[in-house]
Amino acid sequence: MRRRRQLSWALKICVLVASLLLATSGVVAAAGFVHARQVLMESLAGKGWGMAHAAAALAAQPLAAGNGPLLGRLAADMAEEQGVAYAAILDASGRTVAHSDPAQVGRKKDDLQTFRALAARGDYAQYYPDPHGGPAVLDLVSPIRNGEGKLLGYVRLGMETRPLQQSLHAMLVLAGGAAAGMIFIGCLVTLHLVRRHLDRPVRALRQATLAAAAGDFSPEIDREWPDDLGILAQSLQLVKVLLANVVGPLRDGLADLRATADGLLRACERGEDDTVAAGELRPAVERLNRIVERLHALTLQLKT
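Residues in the sequence shown are numbered from -18 upward in steps of one, following this note's numbering.
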């Protein structure tokens, strides 16, 4: 069965850090986008309300006098301002007295948006959808009153939201690029730190452990890491010292034991006259020699 290739734990840490950075940047970007959109909308509405209130003050006397041409020039001047989609002046019944589009003069709109705006009898703002599928228009309606407070009509102003949407789109692109750069740099820094402070020490400990398991106690272990790896390295170094102290005397003792067994065998070979003693002693010595041979072979596998 083919083994599935697994990701290294260093790469897994980088993926985890990238996920955390992505989630954090997403939350920050979403909050920033909502706040920026609110600020831009308030700025757009503030500009529109300033123009509508000024136009309402200027249109009061011409509207009361029925001066259509003057109201038409006022509507045309408002429509020439940057970001204005349309400008209109309505009478108290909702009929268009002046409009930036002369074809709209004399018409009376009965749509729901107009009805709500006129029914408010005060400043009223709403988003008016573009029938052609374009960006929505911020529709502002401000009442026109004479000096006595009598309602004469309304100023209706449409503020384009296309520049606002373009600004928000540019902000999203910039935020996305910044988030991608932050995630990339974060992954590089994390990978560098992981390799330097975690991957290399772990590899060094693994090599030292494998060498100690083979009986080679010569590799030195850096014990200056100020963390759990340093504690592990100190423990492994202590085990290496203990094993080295045990293996040396054990090897020397086994060598002496083997020499003693060889001497017993030679003595038995020389004492063939005493056949009974030799017959009883020789098998025991041979078994002892075989045990010593196995132990000695094991010790030869350990390198000092």
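Virtual Cβ for every residue (Gly too), placed ideally from N, Cα, C.
Smallest Cα separation from residue i: which of the options?
i: ALA156; options: ALA(-1), CYS(-5), LEU3, ALA10; result: ALA10
i: ALA160; options: LEU(-8), LEU1, MET140, GLY128; result: LEU1
i: SER6; options: PRO83, ILE70, GLN85, GLY167; result: GLY167
i: ALA36; options: ASP58, ALA26, SER24, GLY47; result: ASP58
i: GLY158; options: GLY64, LYS131, LEU3, ALA195; result: LEU3
i: ALA38; options: GLN215, TYR105, ALA26, LEU55; result: LEU55
i: LEU219; options: ALA193, ARG239, ALA236; result: ALA193
i: ALA26; options: TYR135, LEU145, GLY75; result: LEU145
i: ALA189; options: MET163, PHE165, SER216; result: SER216
i: ASP104; options: SER74, VAL65, ARG184, ARG126; result: ARG126
i: ASP72; options: ALA84, LYS131, ASP92; result: LYS131
i: CYS(-5); options: ARG239, ALA236, PHE165, ALA66; result: PHE165
i: PHE347; options: VAL86, GLY128, GLY75; result: Because the chain here runs from -18 to 285, residue 347 falls outside it and cannot be looked at.
i: THR142; options: GLY128, TYR109, GLU267; result: TYR109
i: MET22; options: GLU61, ASP120, PRO83; result: ASP120
i: ALA(-1); options: MET163, ARG184, ALA195; result: MET163
Report buried or exposed for residue i, applying the criterion of at least 16 other Cβ atoms within 10 angstroms of its Cβ.
i: ALA187; result: In the sequence under discussion, the amino acid at residue 187 is Arg, which differs from the Ala named in the question. By the 10 Å Cβ count, ARG187 comes out exposed.
i: GLY139; result: buried
i: SER123; result: buried
i: ARG88; result: exposed
i: LEU(-3); result: exposed
i: LYS(-7); result: exposed
i: VAL290; result: Here the chain covers residues -18 to 285 and nothing more, so residue 290 does not appear.
i: LEU133; result: buried
i: HIS173; result: exposed
i: VAL20; result: exposed
i: LYS221; result: buried
i: VAL170; result: exposed
i: ARG271; result: exposed
i: ALA69; result: buried
i: LEU44; result: buried
i: VAL136; result: buried
i: VAL257; result: Because the pLDDT at VAL257 is just 48, under 50, the model does not fix this residue reliably, and the value given afterwards should be weighed accordingly. When all chains shown are included, VAL257 counts as exposed.
i: ALA40; result: buried
i: ALA98; result: buried
i: VAL65; result: buried
i: VAL8; result: exposed
What first and last residue would you give for the alpha helix (DSSP H) that runs through residue i?
i: ALA73; result: Here ALA73 belongs to no alpha helix (DSSP H), and DSSP marks it neither H nor E.
i: ALA60; result: 49 to 60
i: GLN94; result: 93 to 101
Can you check whether the C-beta of residue i is within less than 8 Å of a C-beta belonging to chain C?
i: MET152; result: Included in the structure is just one protein chain, with no chain C present.
Along the chain, where does the beta strand (DSSP E) that runs through residue i open and close?
i: ALA79; result: 77 to 80
i: GLN107; result: 105 to 109
Any heavy atom of the ligand ATP inside 7 Å of the beta-carbon of residue i?
i: ALA156; result: The ligand ATP is absent from the structure shown, which contains no ligand whatsoever.
Of all the alpha helix (DSSP H) runs that stay within the bounds of the region 116 to 158, which reach a length of 4 or more residues? none
Under 8 Å: do the region 169 to 182 and the region 19 to 38 share three or more Cβ pairs, one atom per stretch? no
Taking one C-beta from the region 10 to 20 and one from the region 144 to 161 each time, how about it: are there three or more such pairs within less than 8 Å? yes
Using 8 Å as the threshold, is the region 72 to 81 in touch with the region 42 to 56, meaning 3 or more CB pairs across them? yes
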